[in-house]
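Encoded as structure tokens, the structure appears first; notes follow it.
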Amino acid sequence: MKKEDDFMDMNFLKTIQSDTKKLHDMAENTGFIKRLVDGNATIETYGEYIYNLYFVYKAIEDNLRKHEDNEVLKEFITPEVFRAESLLKDSKFLLGDKFNSIEICDSTKVFVNRLNELSKINPNLLVAHAYTRYLADLFGGRTIFEIVKSKYNIDNKGLNYYVFDQIQDLKGFVMMYHQKLNLIKLADEDKKDFLNEVCLSYVFNISISNELEYLRF
Numbered sequence: 154m155k156k157e158d159d160f161m162d163m164n165f166l167k168t169i170q171s172d173t174k175k176l177h178d179m180a181e182n183t184g185f186i187k188r189l190v191d192g193n194a195t196i197e198t199y200g201e202y203i204y205n206l207y208f209v210y211k212a213i214e215d216n217l218r219k220h221e222d223n224e225v226l227k228e229f230i231t232p233e234v235f236r237a238e239s240l241l242k243d244s245k246f247l248l249g250d251k252f253n254s255i256e257i258c259d260s261t262k263v264f265v266n267r268l269n270e271l272s273k274i275n276p277n278l279l280v281a282h283a284y285t286r287y288l289a290d291l292f293g294g295r296t297i298f299e300i301v302k303s304k305y306n307i308d309n310k311g312l313n314y315y316v317f318d319q320i321q322d323l324k325g326f327v328m329m330y331h332q333k334l335n336l337i338k339l340a341d342e343d344k345k346d347f348l349n350e351v352c353l354s355y356v357f358n359i360s361i362s363n364e365l366e367y368l369r370f
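First residue of the sequence shown: 154, per the numbering used here; consecutive thereafter.
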């Protein structure tokens, strides 16, 4: 963890990336995600994973919209990257008749509860979770898309999650998002809380992946 003065001395984004690198790597290389990338999952369990993500993204997006007049949050309410609607479409396509009988992971419920809690006690910290999810989608989403499509032969009707029709320049959008994060209007103490929340976001995502791995394999 960085000392308080470090937030004034370093680029905020670089601070986040350096302090969360281990958790970031773990999120990409453990649990169900590792199984999915290795080609050892099933379409049904992938659909179940997508369905769990739907509830996470819906909570992020619904809570961001509640604070559209917030000076900090309004810069990060970016509907062009919102994923809940696409995840719901994919879930229904992939799960078919089993869609209405799937029960979401306990880890997902805890994650959603945390997002709803932040909306009440410190909504600015919702950006930490938006950053963690959306930037991962924009950076690694294309790779996961190719893996899922090639290894599991999923039709494009079940791959809406990876399609960003409203963004013409993905690299430009990412750079813009990074710039907004570097300029985010938070006190140094709040930036420490923000960094902790990014770490927590990774922990929640890892927990969902590991719980699904434990329950289904």
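Backbone N, C-alpha and C define an ideal beta-carbon position, used for all residues, glycine too.
Own chain partners of Ser354 with C-beta closer than 7 Å, once the 5 adjacent residues on each side are dropped | Here the question's residue 354 lines up with position 201 in the sequence shown. Taking C-beta separations shorter than 7 Å and ignoring five residues to either side along the sequence, the partners of Ser354 in its chain run Ala281, His282, Thr285, following chain order.
Going by C-alpha distance, which of Ile203, Glu228, Asn223 is nearest Lys242?
-> As a working mapping, residue 242 is identified with position 89 in the sequence shown. The candidate whose alpha carbon is nearest that of Lys242 is Ile203.
So is Glu366 buried or exposed if we call it buried at 16+ other beta carbons inside 10 Å?
-> Within the sequence shown, residue 366 is the residue found at index 213, counting from 1. Answer is buried; the Cβ neighbour count reaches 16.
Any chance the segment 222–230 sits against the segment 190–209, with 3 or more Cβ pairs inside 8 Å?
-> When Cβ pairs closer than 8 Å are counted between the two stretches, the segment 222–230 is seen not to touch the segment 190–209, the count staying below three.
If you compare alpha carbons, which of Lys174, Ile274, Leu288 is closest to Asp343?
-> Residue mapping note: residue 343 aligns to position 190 of the sequence shown, counting from 1. The closest CA to that of Asp343, considering only Lys174, Ile274, Leu288, is found on Ile274.
List the whole-angstrom C-beta distance separating Ser260 from Lys219, where the pair is believed to meet the contact cut-off of C-beta under 8 Å.
-> Reading the sequence shown from its first residue, position 107 is the one you call residue 260. Reading the sequence shown from its first residue, position 66 is the one you call residue 219. Between Ser260 and Lys219 a beta carbon distance of about 24 Å is seen, past the 8 Å cut, so the two are scored as non-contacting.
What are the start and end residues of the alpha helix (DSSP H) that includes His220?
-> Start at 1 with the first residue of the sequence shown, and residue 220 comes out as number 67. Per DSSP, His220 is not a residue of any alpha helix (DSSP H), being assigned neither H nor E.
May I ask which residues mark the beginning and end of the alpha helix (DSSP H) holding Asp346?
-> As a first step, residue 346 is located in the sequence shown; it is residue number 193 there, counting from the start. Residue range 341–369 is occupied by the alpha helix (DSSP H) that includes Asp346.
Can you tell me the Cα-Cα spacing of Thr183 and Ile257, whole angstroms?
-> On the sequence shown, residue 183 is found 30 positions in, with the first residue counted as 1. On the sequence shown, residue 257 is found 104 positions in, with the first residue counted as 1. In this structure, the alpha-carbon of Thr183 lies about 19 Å from that of Ile257.
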